[in-house]
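Asker: Sharing a structure here in structure tokens format.
There are 2 protein chains.
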Amino acid sequence: MNTTATAPLSPAPDDEIEHVALDEDYVLTPAFVEKVVDAADDGDGMKLRSLLEDLHPADVADLMGFLTAEHRGVVTVWLPADLLAETLPELDDGIREEVLERVPHLTLAEALQELDSDDAAAVVEDLEDDQREKVLAAMPEVDRAAIESSLGYAEDSAGRLMQREVMAAPAFWNVGDTIDHIRKQGEELPELFFDIYVVDPVNRPVGGVAISQLLRAPRTTALTEIMDPVNEITVDQDQEEVAYIFEKYHLISAPVIDSAGRLVGQITVDDIVNIIQEENREDILRLAGVSDEDRGSSVPEIVRGRVPWLAINLGTAVLGASVISFFGATIQQIVALAVLMPIVSAIGGNAGTQALTVTVRALAMRELNSSNANRTFWRELAVGLANGLLLAPLIGLAAGFWSGDWRIGAVIASSMVLNLMVAASVGVLTPLTLSRLKFDPAVSSAVFVTATTDFFGFLIFLGLATLVLL
Amino acid sequence: MNTTATAPLSPAPDDEIEHVALDEDYVLTPAFVEKVVDAADDGDGMKLRSLLEDLHPADVADLMGFLTAEHRGVVTVWLPADLLAETLPELDDGIREEVLERVPHLTLAEALQELDSDDAAAVVEDLEDDQREKVLAAMPEVDRAAIESSLGYAEDSAGRLMQREVMAAPAFWNVGDTIDHIRKQGEELPELFFDIYVVDPVNRPVGGVAISQLLRAPRTTALTEIMDPVNEITVDQDQEEVAYIFEKYHLISAPVIDSAGRLVGQITVDDIVNIIQEENREDILRLAGVSDEDRGSSVPEIVRGRVPWLAINLGTAVLGASVISFFGATIQQIVALAVLMPIVSAIGGNAGTQALTVTVRALAMRELNSSNANRTFWRELAVGLANGLLLAPLIGLAAGFWSGDWRIGAVIASSMVLNLMVAASVGVLTPLTLSRLKFDPAVSSAVFVTATTDFFGFLIFLGLATLVLL
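Chains as they are written, first to last, in my numbering: chain A, 1 to 470; chain B, 471 to 940.
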């Protein structure tokens, strides 16, 4: 939870041109970015600071993404320390690692104390081992303990995601007790909170009260009278599951409990929005065979993430080629087949990718499980058949006309219908099988699907042609 | 904003097998879905009702997605009226339309009064014209006016998304005034709210106070002392822009203003989460050439959404084939070329899709604009070259060895390097150009990219081969 989040710099009126950093949609203007670049090039630190100091941390992070590594270095030096602290959790991982290398460990230790425990832990996580030790050693005991406890939970777990600051109230309190407590203990509570968790004597949540409900109720009302059941998150739950629960039930915050059921923290929806975007990003990129990369990634890093998929694809393409080579004699007699065969495989690949993408998305949204897997399969097969029956006559006529041999038209038309049904089957079954085996259904599905449609596309078309035409 | 959202049915302990609808991750169990199907098949309405009545509306919506249209019909009849009302806003569009056709208009008119204005409007929007008139006529004037006003805003606009219920306070109030007002007027306020908007005498927001801050402050503190600047949303802003602002600044709620700057409603983050998922879904599906479809779509609906893309792809595949046909004489002399050419085009297509997907995602996240477009292009080109230099020797050696002609190896290796650079260029430039022309960069990009890499893959490979080998 970023506690300064409610006060970004609003877009300025038109007459204050000098300070217009954002356009009307709260996006950084290229003109502003250019101003920063110019100031960095001139080494004009005062100018840089005056440009940056009024920005919201999220906008500084955005700015960093638009700069080169060199310019980021200059900006990092001139950023006010408190703004730097609040910017760190907003940065892309790659950029954050790079920025962290330039910040002296004492500055960093001080900056981290400004952040909530979850944000501070997220930053410390990205430090190199030796820098991490130095930074933690320079922090007060209580902050260090909070960060170390957070890092004790698995990456991507609810424990890592939660903030330890939470507003809990014993079940015997009434509304007045609670409001008085908040007013007195305000400093120790999270800066922003949305629900009060009602706990039993051993600190297990028994319900939750939205603070708008608390405000509405008379002071003498018991908390237990106005509380609702809460969705408890356990510390070891995966962040993707947590996001699913928040999204499904429209939660604003939820209590996190340890294995004994005791309240140990809370997760708020603004962190969930980030997770949802992260997971979506992963799904989209994985479907395209791109491992994690971001704006800060260097060319070698990007190549390392992409070339393995291309290499696998090279292997499957060779497999497809071996099918063609098997029919070399047929092609030598009828060169038209070499011209037409990529059409069959291309349409198959596209239709397979359509079925695959729909299935991967349904799995990610938990809209697909054993209750409707069969029905989904048959529906996709019917779609494949229908697509085939619509498109095959077109290509059949065109190919027959072009080649002057109507049998070639018939061969390509029937191959296309068959390959579209192969595409539908493999498009559904690949992610379903991966998911059942507890693998990520998005990873490598696309390569496998297009490999299959290429393979069968060539095999069916050239096979039928050999049977019919020779 | 779904006001019952904080109280879903928790997963039950193991011994209450009869009522276990959810597994430990709050996902409906296939066993429960089967029970519902059995009860629907038996026409056992009492059993159905007992299974359904304790479910959270989000779980009923999930259940609907797992059922066939026929079973959905039976469930709709037996669903308690208030649960039906709260379930309607949660349903996929296709399923909602289907369910709405089965609900008598008086039941519906009554159900809609239970909902917040934004949810009610979302449901009414999906009604057929004649049913809509009947339903609105059967509602009290005040609810009808709210819904009609909401529907007066453009689809996907902030006006459509906002709820009209909002907590505003004049700038001269202090904390005590505000709390007393909330306690007195509680009924007229939104059931859940997170920020109080401070307004000037003509109802223009001048700031916002998080209610956790309100609770913390002494009763005599003026609101203007503790308020923060707010991010104002205008009624005609597109929901995608609204989602961007919420996400970037970690907002929980934001005031919506009309063209005169007056406060007319608020948008809360839980609605934003839905929008984000909707936009992500669209991006993923569009990249694969799938128009909008959901679990409720019939086979003809799905085919209508997918076949146009396949037809376009058929056209581009014919274009690629025409390149091959141009080199028919070369292929007739060296059949090995027909075997190898799909390898060059396949790797190009994959690399192009990688570059495309990364670019589309960066555009969607507003991480890419004229500040860094040039740099992104050159980076992708460098990645293309590096990928080519890594993979080309592999395929060159393999092809040379297999064909027994090292010149063929050299031709395929150099073609691959060139085509991977074509792929990188077209992968970046296609979405960038579409975006600059104000088109959705995801739509049709993939078809264009693979068409280009096929075309140039065949052209470069067969062209070089003709030059070198003949």
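Ideal Cβ positions, reconstructed from N, Cα and C, are used throughout, including at glycine.
(1) Are the region 353-367 of chain A and the region 796-803 of chain B touching by the rule of at least three beta carbon pairs closer than 8 Å?
(2) Please check if any C-beta of chain A sits within less than 8 Å of the C-beta of B/Leu-784.
(3) Report the rounded CA-to-CA distance for B/Asp-499 versus B/Glu-710, giving the unit in angstroms.
(4) Counting only beta-carbon atoms, is A/Trp-309 nearer than 8 Å to chain B?
(5) Go ahead and label B/Leu-585 buried or exposed: buried means 16 or more other beta carbons lie within 10 angstroms of its beta carbon, across all protein chains shown.
(6) State the Cα-Cα distance for the pair B/Met-891 and B/Ser-729, rounded to the nearest angstrom.
(7) Could you name the residues of chain A that B/Asn-839 contacts, counting a contact when the two beta carbons are closer than 7 Å?
(8) Using DSSP with H/G/I as helix, E/B as strand and the rest coil, what is B/Glu-488?
(9) What residue does the beta strand (DSSP E) around B/Gln-736 start on, and which one ends it?
(10) Can you give me the C-alpha to C-alpha distance between A/Ala-21 and B/Val-788, rounded to a whole angstrom?
(11) Anything in the region 804-824 of chain B with a Cβ closer than 9 Å to a Cβ of chain A? List those residues in chain order, please.
(12) Cβ closer than 7 Å: which chain A residues qualify as neighbours of B/Ala-758?
(13) Sort out for me which residues DSSP pairs B/Ser-627 with in a bridge.
(14) Would you mind telling me which residues of chain B sit closer than 9 Å to A/Arg-96, beta carbon to beta carbon, in chain order?
(15) Which residues in chain A sit within 8 Å of B/Ser-587, going by Cβ to Cβ distance?
(16) In chain B, which residues lie less than 8 Å from A/Gln-332 when you measure between Cβ atoms?
(17) Under 8 Å between C-beta atoms, does A/Ala-500 make it to chain B?
(18) Residue range of the beta strand (DSSP E) that B/Ser-723 falls in?
(19) Taking only beta-carbon positions, decide if A/His-105 is within less than 8 Å of chain B.
(20) On the DSSP bridge list, what partners appear for B/Leu-698?
(21) Quick check on the burial criterion: 16 or more other C-beta atoms within 10 angstroms. Buried or exposed for A/Ala-137?
(22) How is the alpha helix (DSSP H) around A/Gln-196 delimited, first residue to last?
(23) In terms of residue numbering, what span does the beta strand (DSSP E) encompassing A/Pro-89 cover?
(24) Please classify B/Ile-510 as buried or exposed, where buried requires at least 16 other C-beta atoms within 10 Å of its C-beta.
(25) So B/Asp-764 and B/Asp-589 are in contact, right, with Cβ under 8 Å, and what is the actual spacing, rounded?
(26) In whole angstroms, what is the alpha-carbon distance linking B/Lys-604 and B/His-575?
(27) Let me know the secondary structure DSSP gives B/Pro-770 once reduced to three states.
(28) If we ignore side chains and look at the alpha-carbon of each, how far apart do B/Ser-768 and A/Ser-345 end up?
(29) Considering only their Cβ atoms, is the gap separating B/Arg-566 from B/Ala-591 smaller than 8 Å?
(30) Can you check whether the C-beta of B/Ile-649 is within less than 8 Å of a C-beta belonging to chain A?
(31) Would you say B/Gly-879 lies against chain A (beta-carbon separation less than 8 Å)?
(32) CA-CA distance, B/Arg-542 and B/Arg-751?
(33) Looking only at its own chain, which residues have a Cβ that is under 7 Å from the Cβ of B/Thr-473, when we skip the five neighbours before and after it?
(34) Quick one: grab the DSSP three-state call for A/Leu-28.
(35) Keeping to the same chain, check which residues put their C-beta closer than 8 Å to that of A/Leu-55; ignore five residues upstream and five downstream.
(36) If you draw a straight line from the alpha carbon of A/Glu-24 to that of A/Leu-88, how long is it in whole angstroms?
Answerer: In short, the structure shows the following:
(1) With the cut-off at 8 Å, the region 353-367 of chain A and the region 796-803 of chain B do not touch.
(2) Cβ-Cβ to chain A under 8 Å: yes for B/Leu-784.
(3) According to the sequence provided, residue 499 of chain B is Thr. The question's Asp does not apply to it. Going by the C-alpha atoms only, they are around 34 Å apart.
(4) When Cβ-Cβ separations below 8 Å define contact, A/Trp-309 makes contact with chain B.
(5) It is buried - the Cβ of B/Leu-585 has at least 16 other Cβ atoms within 10 Å.
(6) Rounded to the nearest whole angstrom, the CA to CA distance from B/Met-891 to B/Ser-729 is 49 Å.
(7) Those are Pro-30, listed as they occur along chain A.
(8) Because the pLDDT at B/Glu-488 is just 41, under 50, the model does not fix this residue reliably, and the point stays unresolved.
(9) Under the DSSP assignment, B/Gln-736 falls in the beta strand (DSSP E) whose first and last residues are 733-738.
(10) In a straight line, the C-alpha of A/Ala-21 is about 48 Å away from that of B/Val-788.
(11) Under the 9 Å Cβ criterion, the region 804-824 of chain B contributes Val-805, Ala-806, Leu-807, Ala-808, Val-809, Leu-810, Met-811, Pro-812, Ile-813, Val-814, Ser-815, Ala-816, Ile-817, Gly-819, Asn-820, Ala-821, Thr-823, Gln-824.
(12) Contact annotation for B/Ala-758 against chain A: Thr-353, Gln-354, Thr-357 [CB-CB distance below 7 Å, chain order].
(13) Residue pairing from DSSP places B/Ser-627 in a beta bridge opposite B/Asp-708.
(14) Result: empty, since nearest Cβ-Cβ is about 15 Å, beyond 9 Å.
(15) Near B/Ser-587 there are no residues of chain A at all, since even the closest Cβ is about 16 Å away, more than 8 Å.
(16) Residues of chain B whose Cβ lies closer than 8 Å to the Cβ of A/Gln-332 are, in chain order, Gln-802, Val-805.
(17) The question about residue 500 of chain A has no answer, for chain A in this structure spans 1 to 470.
(18) First-last of the beta strand (DSSP E) with B/Ser-723: 723-727.
(19) Chain B, which has no Cβ nearer than 8 Å to the Cβ of A/His-105, makes this no.
(20) For clarity, residue 698 of chain B is Asp in the given sequence; the question names Leu instead. B/Gly-678.
(21) Exposed is the call here.
(22) The displayed chain sequence assigns Ile, not Gln, to residue 196 of chain A. For A/Ile-196, there is no enclosing alpha helix (DSSP H); the residue is found in the beta strand (DSSP E) stretching over 195-199.
(23) Where A/Pro-89 is concerned, there is no enclosing beta strand (DSSP E), given that its DSSP letter is neither H nor E.
(24) In the sequence as displayed, the identity of residue 510 of chain B is Ala instead of Ile. Taking a 10 Å sphere around the C-beta of B/Ala-510, we find 16 or more other C-beta atoms and assign the residue as buried.
(25) Taking a contact as a CB-CB distance under 8 Å, the pair B/Asp-764 and B/Asp-589 does not count as one, their CB atoms being some 19 Å apart.
(26) Approximately 7 Å between the Cα atoms of the pair.
(27) In this structure, B/Pro-770 counts as helix in the three-state DSSP scheme.
(28) If you draw a straight line from the Cα of B/Ser-768 to the Cα of A/Ser-345, it is about 26 Å long.
(29) No, Cβ-Cβ distance for B/Ala-591 and B/Arg-566 is not below 8 Å.
(30) True, the Cβ-Cβ gap to chain A drops below 8 Å.
(31) It does not: the Cβ of B/Gly-879 has no partner Cβ on chain A nearer than 8 Å.
(32) Going from the Cα of B/Arg-542 to the Cα of B/Arg-751 covers about 24 Å.
(33) With a pLDDT of only 40 at B/Thr-473, under 50, the local geometry of the prediction cannot be trusted, and no value is derived from it.
(34) DSSP places A/Leu-28 in strand when its eight states are reduced to three.
(35) Counting only Cβ-Cβ distances below 8 Å, and skipping sequence neighbours, we find Leu-9, Ala-21, Leu-63, Leu-83.
(36) A/Glu-24 and A/Leu-88: Cα-Cα distance of roughly 25 Å.
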